[in-house]
Amino acid sequence: MLVKIEEIQEPGLELTQPIERKVLDAALAESEGFRLVSATPLSASFRKVSGQVHVRGSFEAQVTCPCRRCTTDVPLAVPVEFSLRMVREAPKPDEEEDEPAASAKPSRRRRQTKDDDDEGDVAASFELDEVDAEPFDGKTIDLDPIVREQVLLALPVTVLCREDCKGLCATCGQDLNEKDCGHSEKKEIDVRLAKLKDIKLKN
-2 MLVKIEEIQE PGLELTQPIE RKVLDAALAE SEGFRLVSAT PLSASFRKVS
48 GQVHVRGSFE AQVTCPCRRC TTDVPLAVPV EFSLRMVREA PKPDEEEDEP
98 AASAKPSRRR RQTKDDDDEG DVAASFELDE VDAEPFDGKT IDLDPIVREQ
148 VLLALPVTVL CREDCKGLCA TCGQDLNEKD CGHSEKKEID VRLAKLKDIK
198 LKN
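With this note's numbering, the residue at position 152 of the sequence shown is 149, and numbering never jumps.
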């Protein structure tokens, strides 16, 4: 899912586009048992600000995941919202040689001096904001890797079918939410420690 920078005019760009299933399937393949059921289209907005492109997006994924305790599949709605600053990658050395005019321009990454103008002040603040910026080639923004990363970040750490889930019996594997197998009431003794039950302690 590519967006050309030339398509982003002064007012910005708004788009709503379906997300290819393979993009989300590939992301969830790296998760702990989450599987995709469906997803809403991606709604995204793009704004050019001081050489950056600000991207905001949202969508919702319907997924299933095994309960942590009883392994029953749990349906979940996972809302995804993100806001990113896309920053053009610094040109490679060979590219700088090919584009002398571009290299002659003041870099936004360089330290500003007192002689810099107002535009330079903007660049200085931009340098501080680059810490969590996402790089792009300056011509297109590929939304697929962004979607993959953001859906993984939105997934819950722990999934339970219900807060009081009893889980599975450690002895027979019975789902204790359905019935009690009785093993929990018995005193199971490790055969390796069976002889210890005959030892009598002296007072």
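Beta carbons are placed, not taken as given, at the ideal position from N, Cα and C, and that holds for glycine.
Tell me which residues share the same chain as residue i and place their Cβ nearer than 6 Å to its Cβ, disregarding the 5 neighbours each side in the sequence.
i      : result
Val205 : Because the chain in this structure spans residues -2 to 200, residue 205 falls outside the shown range and cannot be described.
Leu73  : Val60
Glu7   : none
Residues in the same chain with beta-carbon distance under 7 Å from residue i, minus the five sequence neighbours each way, listed in chain order, please.
i      : result
Ser35  : Gln59
Asp172 : Cys67 and Leu165
Gly170 : none
Just verifying my parser: in three-state terms, what is the DSSP assignment at residue i?
i      : result
Ile2   : helix
Ile16  : coil
Glu160 : coil
Arg145 : helix
Asp172 : strand
Ala23  : helix
Leu152 : coil
Phe123 : For Phe123, the pLDDT reaches just 39, beneath the cut-off of 50, and the residue's location in the model is therefore unreliable, although a value from the coordinates is still provided. Helix, per DSSP.
So who's on the other strand from residue i, going by DSSP bridges?
i     : result
Ser55 : Ser40 and Glu78
Compare the C-alpha of residue i against each of the options and name the closest.
i      : options                           : result
Gly48  : Pro132, Arg145, Cys158 and Pro153 : Pro132
Leu81  : Pro153, Pro142, Ile16 and Lys176  : Pro142
Glu4   : Ile138, Cys162 and Thr37          : Ile138
Val84  : Cys64, Asp134, Val71 and Ser40    : Asp134
Glu207 : Lys163, His180, Val144 and Gly30  : The shown model of the chain, from -2 to 200, leaves out residue 207, and the question about it has no answer.
Would you decide whether residue i is buried or exposed? Buried here means 16 or more other CB atoms lie within 10 Å of its CB.
i      : result
Val46  : exposed
Ala167 : exposed
Ala26  : exposed
Val154 : exposed
Cys201 : Summary: the structure shown does not reach residue 201, with the chain confined to residues -2 through 200, and so no result is reported for it.
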